[in-house]
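Asks:
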Amino acid sequence: MYTKETYQAIFETAPDALIISNDSGEIVDINEQVQTLFGYTKQELLGQPIQKLIPESFNSIYPSSESNRDGASDRKLIGSNGDIVARKKNGNIFFAEINISPLDVKEFKLTSAAIRDVSYKILTNQRLNKTLNTVKAKNKELEQFAYIASHDLQEPLRTVMSFVELFKEEFGEHVNEDAGKYLLFISQATKRMSDLLKSLLDYSRLGGSNKAVPVDCNEIISNIQSDLATTIDETNTTFCIKPLPSIVAYATELRVLFQNLITNAIKFRKKDDTPHIKILATQESGCWKFSVEDNGIGIDPRYKDRIFVIFQRLHGRNAYEGTGIGLAHCKKIVELHGGNIWLESELDKGSNFYFTISEELRDEQ
Ligand code: ADP
22 MYTKETYQAI FETAPDALII SNDSGEIVDI NEQVQTLFGY TKQELLGQPI QKLIPESFNS
82 IYPSSESNRD GASDRKLIGS NGDIVARKKN GNIFFAEINI SPLDVKEFKL TSAAIRDVSY
142 KILTNQRLNK TLNTVKAKNK ELEQFAYIAS HDLQEPLRTV MSFVELFKEE FGEHVNEDAG
202 KYLLFISQAT KRMSDLLKSL LDYSRLGGSN KAVPVDCNEI ISNIQSDLAT TIDETNTTFC
262 IKPLPSIVAY ATELRVLFQN LITNAIKFRK KDDTPHIKIL ATQESGCWKF SVEDNGIGID
322 PRYKDRIFVI FQRLHGRNAY EGTGIGLAHC KKIVELHGGN IWLESELDKG SNFYFTISEE
382 LRDEQ
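Take a look at the structure:
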């Protein structure tokens, strides 16, 4: 078996700084790493209180007294969140992660503490959190900007639109063919700008003040089918809808999400095929995964990310009506529900939109 010397060598070469203390919290042994990490010699530390190295916070956590020792259950890892600060001989401090274990050897009640400098990890996390918060704040600012811009721009646009109409009514008969064409272009462009502003306004309003409530997805789909009855009839669209769950969600937004995907599935149908839409949901760990599949014109996988960006379209307005905001809406709604949205598709082979909704949303009614 191992000799005492072998154990001593293992102790000395351990990667962590190891400190053994007695039940009064005095240091009784240290390894080489302690000297490297803290800058003290062994002589300077033996017999000293452990607080010399770990000043304030350590006192309450360290199982020094007889009463709070409870064998193996006293083993703990502390400081992983940056709440323990250690001090070196030169006064420099660092974030320490400490593995504490009781060592009940014969009559001695000792404690071993394996100390690691985790400053780099903690500071990196802090920096990442700060960046994340800045990005969140910037996003909020942008949303507010989009809201104000789209709201305020509507007013002058309405003025232009109504004066074009007045002009047409009063002078329509007297203008020549070219002027008539120009007026038509102005009307079409202002109408389109108004549609874009309206959708931008809707986008920035999404998820503003609603509450999460229990919703039955089957009911949402059948309401959408009633609303779209005319389009469904005209296009001979058929559905295959598997039993869907009831979930806690933002009801209005969830409806917009399904409605956008269903309208797109009908809109982007193949010319020589009637649309068929399949909707199903499966339960995954911590979320529901939905899929809305169609047999339409499909999407080149190269554009699988671009289509979710606001105002991005793959087709001209003459081929398919639209503003290019529907899927950006869907993405925002899904993210509001703690989920993701993605696409599996190939040109000419139909599209399958997947999205997840987190099960962590709580009923806020
Ligand atoms: P819009 O429908 O107003 O164009 P969307 O944001 O809903 O805007 O969609 C963006 C683009 O993604 C569409 O212009 C279209 O090119 C493509 N797309 C979306 N859904 C489908 C679908 N089910 N099948 C084929 N292409 C689609």
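Per the numbering used here, the sequence shown starts with residue 22, numbered consecutively. We put the beta carbon where it would ideally sit given N, CA and C, even for glycine.
Beta-carbon within less than 8 Å of S143's beta-carbon, same chain only, minus the 5 sequence neighbours each way: which residues are those?
Replies: Within the sequence shown, numbered from 1, the residue matching residue 143 stands at position 122. Before going on, a small fix: residue 143 reads as Ile here, not Ser. Closer than 8 Å at the Cβ level, and outside the excluded window around I143, lie N102, G103, F116.
Asks: Per DSSP, what kind of secondary structure is E274 in: helix, strand or coil?
Replies: Here the question's residue 274 lines up with position 253 in the sequence shown. Here E274 sits in helix by DSSP.
Asks: Note down the Cα distance separating P264 from I241, rounded to an integer number of angstroms.
Replies: Mapped onto the sequence shown, residue 264 falls at position 243. Mapped onto the sequence shown, residue 241 falls at position 220. When rounded, the distance between both Cα atoms is 12 Å.
Asks: Are the CB atoms of N52 and A35 within a distance shorter than 8 Å?
Replies: Along the sequence shown, read from residue 1 onward, the residue named residue 35 stands at position 14. Along the sequence shown, read from residue 1 onward, the residue named residue 52 stands at position 31. Going by C-beta atoms, A35 is nearer than 8 Å to N52.
Asks: On the CB-based measure, 16 or more other CB atoms within 10 Å of its CB, does G92 come out buried or exposed?
Replies: Start at 1 with the first residue of the sequence shown, and residue 92 comes out as number 71. Low confidence applies here, because G92 scores a pLDDT of 49, under 50, leaving its location unreliable and the question unanswered by this model.
Asks: Mind the definition here: the region 202 to 222 touches the region 169 to 184 only if three or more C-beta pairs lie below 8 Å; say whether that holds.
Replies: Output reads yes: the region 169 to 184 touches the region 202 to 222.
Asks: Taking all protein chains shown into account, do 16 or more other C-beta atoms lie within 10 angstroms of the C-beta of T132, making it buried, or fewer, making it exposed?
Replies: For the purposes of this step, residue 132 is taken as the residue at position 111 of the sequence shown. By the 10 Å Cβ count, T132 comes out buried.
Asks: What's the gap between the Cα of S366 and the Cα of R323?
Replies: Taking the first residue of the sequence shown as 1, we reach residue 366 at position 345. Taking the first residue of the sequence shown as 1, we reach residue 323 at position 302. Whole-angstrom Cα-Cα distance: 10 Å.
Asks: Quick test of your reading: V234 and D384, contact by CB under 8 Å. State the CB separation rounded to the nearest angstrom.
Replies: As a first step, residue 234 is located in the sequence shown; it is residue number 213 there, counting from the start. As a first step, residue 384 is located in the sequence shown; it is residue number 363 there, counting from the start. Yes, V234 and D384 are in contact; Cβ-Cβ is about 6 Å, under 8 Å.
Asks: Answer yes or no: do D135 and I114 have a C-beta to C-beta separation smaller than 8 Å?
Replies: The sequence position of residue 135 within the sequence shown is 114, counting from 1. The sequence position of residue 114 within the sequence shown is 93, counting from 1. Sequence inspection shows Ala at residue 135; the Asp mentioned does not correspond to that position. It is not a contact, given that the beta carbons lie outside the stated cut-off.
Asks: For I328, I'd like the list of residues in its chain whose CB is within less than 6 Å of its CB, leaving aside the five on either flank, ordered along the chain.
Replies: Counting from 1 along the sequence shown, the entry for residue 328 is found at position 307. If we look at I328 and ignore the five residues flanking it on each side, its Cβ neighbours are L348.
Asks: With a 10 Å radius around its C-beta and 16 neighbouring C-beta atoms as the bar for buried, classify E87 as buried or exposed.
Replies: Position 66 of the sequence shown holds residue 87. Residue confidence for E87 is low, a pLDDT of 49 falling below 50, so the modelled location carries little weight; the figure read from the coordinates is stated next. Per the 10 Å Cβ criterion, exposed.
Asks: With respect to the beta strand (DSSP E) encompassing L364, which residues constitute its N-terminal and C-terminal limits?
Replies: The sequence position of residue 364 within the sequence shown is 343, counting from 1. That run of the beta strand (DSSP E) goes 362 to 366.
Asks: Assuming contact is defined by CB atoms lying nearer than 8 Å, are P70 and G100 in contact in what I supplied?
Replies: As a working mapping, residue 70 is identified with position 49 in the sequence shown. As a working mapping, residue 100 is identified with position 79 in the sequence shown. Their beta carbons are not under 8 Å apart, which means P70 does not touch G100 by this criterion.
Asks: Going straight from the alpha carbon of L202 to that of V355, what length do you get?
Replies: Here residue 202 corresponds to residue number 181 of the sequence shown, with the count starting at 1. Here residue 355 corresponds to residue number 334 of the sequence shown, with the count starting at 1. In the sequence as presented, Leu is not what sits at residue 202; that position holds Lys. Computed Cα separation, rounded: 43 Å.
Asks: Could you please give me the residues that DSSP links to D375 through a beta bridge?
Replies: Working through the sequence shown from its first residue, we reach residue 375 at position 354. Residue identity check: residue 375 is Tyr in the sequence provided, not Asp. Answer is S312, W363, bridged to Y375.
Asks: How would you write the range of the beta strand (DSSP E) that K299 sits in, first residue to last?
Replies: What you label residue 299 is simply residue 278 of the sequence shown in a count that begins at 1. Per DSSP, K299 belongs to the beta strand (DSSP E) from 297 to 305.
Asks: Helix, strand or coil: how does DSSP classify L131 here?
Replies: Locating residue 131 in the sequence shown gives position 110, counting from the first residue. Three-state result, L131: strand.
Asks: Alpha carbons only, please: which of T145, T252, K73, D125 is nearest the one belonging to N111?
Replies: Working through the sequence shown from its first residue, we reach residue 111 at position 90. When only C-alpha atoms are compared, the closest one is K73.
Asks: Can you look up R96 in the DSSP assignment and give me helix, strand or coil?
Replies: Translated into positions along the sequence shown, residue 96 becomes position 75. Note: R96 maps to coil in three-state DSSP.
Asks: So, are the CB atoms of I268 and I378 less than 8 Å apart?
Replies: Reading the sequence shown from its first residue, position 247 is the one you call residue 268. Reading the sequence shown from its first residue, position 357 is the one you call residue 378. It is a contact, given that the beta carbons lie within the stated cut-off.
Asks: Measure the alpha-carbon distance for Q209 versus F279 and round it to whole angstroms.
Replies: Position 188 of the sequence shown, counted from the start, is the residue given in the question as residue 209. Position 258 of the sequence shown, counted from the start, is the residue given in the question as residue 279. C-alpha separation (whole angstroms): 29 Å.
Asks: Does ligand 1 have even one heavy atom less than 7 Å from the beta-carbon of S225?
Replies: Mapped onto the sequence shown, residue 225 falls at position 204. Result no, Cβ not under 7 Å from ligand 1.
Asks: Please determine whether the Cβ atom of H336 lies at a distance below 7 Å from any heavy atom of ligand 1.
Replies: Reading the sequence shown from its first residue, position 315 is the one you call residue 336. The answer is yes for H336.
Asks: Please report how far the alpha carbon of V181 lies from the alpha carbon of K219, in whole angstroms.
Replies: Here residue 181 is taken as the residue at index 160 of the sequence shown, counted from 1. Here residue 219 is taken as the residue at index 198 of the sequence shown, counted from 1. Cα to Cα, the separation comes out at about 16 Å.
Asks: What's the C-alpha gap between K159 and K299?
Replies: Working through the sequence shown from its first residue, we reach residue 159 at position 138. Working through the sequence shown from its first residue, we reach residue 299 at position 278. One C-alpha to the other measures close to 38 Å.
Asks: Alpha carbon to alpha carbon, how far is E26 from I121? Give it in angstroms, no decimals.
Replies: In the sequence shown, the residue the question calls residue 121 occupies position 100. In the sequence shown, the residue the question calls residue 26 occupies position 5. Rounded to whole angstroms, I121 to E26 spans 24 Å at the Cα level.
Asks: Going by DSSP, what residue range makes up the alpha helix (DSSP H) through L223?
Replies: Taking the sequence shown and counting its residues from 1, the one referred to as residue 223 is at position 202. Reading off the sequence, residue 223 comes out as Asp, not Leu. 198 to 226 is the extent of the alpha helix (DSSP H) around D223.
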